[in-house]
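Just so we're aligned: 27 in our numbering is position 27 of the sequence shown, and the numbers increase by one with no gaps anywhere.
Below: the structure, in structure tokens.
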Amino acid sequence: DSVVDHRPDIVFLMIGVNDLGKGIPEAETVGNVRKIVSSLSASLSDATMVIQSVLPAKGIAEDAILRFNEDYKQIASEFGPVEYLDLHPLFLVDGARNDSLYSADGVHLVDVGCETWVNALLDCPAIKQGWA
Numbered sequence: 001d002s003v004v005d006h007r008p009d010i011v012f013l014m015i016g017v018n019d020l021g022k023g024i025p026e027a028e029t030v031g032n033v034r035k036i037v038s039s040l041s042a043s044l045s046d047a048t049m050v051i052q053s054v055l056p057a058k059g060i061a062e063d064a065i066l067r068f069n070e071d072y073k074q075i076a077s078e079f080g081p082v083e084y085l086d087l088h089p090l091f092l093v094d095g096a097r098n099d100s101l102y103s104a105d106g107v108h109l110v111d112v113g114c115e116t117w118v119n120a121l122l123d124c125p126a127i128k129q130g131w132a
């Protein structure tokens, strides 16, 4: 409700890694994300929504992260205007997770990780369109 109250032009969602870490069933989290996107789309019909992929995270199976990201891509295609921003590959080094480069604890980003994320956001079509 607080997001809707602010009437943003763009809504960025980055969600799910904590659920994965807590062992919440994937179907439950994906269903919740679908509900959130549906609700926000209905309430903020003029806003653009961007679902960001789950980043590589220490202690979380890569195949689970990739499944979430595929589900998120599917959700984005079901609602409009909703974009999917695949950040995941940007946080891999030679195709593998590198916890020490982007994160001090394997989850939370350090400076270079934040810079990588911000640059991806600035390159996102939703941002470019808003600043055009």
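C-beta: ideal position from N, C-alpha, C; glycine also.
Per DSSP, the continuous beta strand (DSSP E) segment holding V50 begins and ends at T48 to Q52. Between the alpha carbons of T48 and G106 lies a gap of roughly 30 Å.
Between V17 and V54, the C-beta spacing is below 8 Å.
Per DSSP, the beta-bridge partners of V93 are A96. Following the DSSP letters along the chain, one finds F79 in no beta strand (DSSP E), marked with neither H nor E. Shortest Cα-Cα distance from R34 to any of G80, A57 and D46 involves G80. Nearest C-alpha to M14 among I65, S43 and G23: I65.
Shortest Cα-Cα distance from K58 to any of L122, R7, S103 and D5 involves S103.
Between F12 and V50, the CB-CB gap stays under 8 Å.
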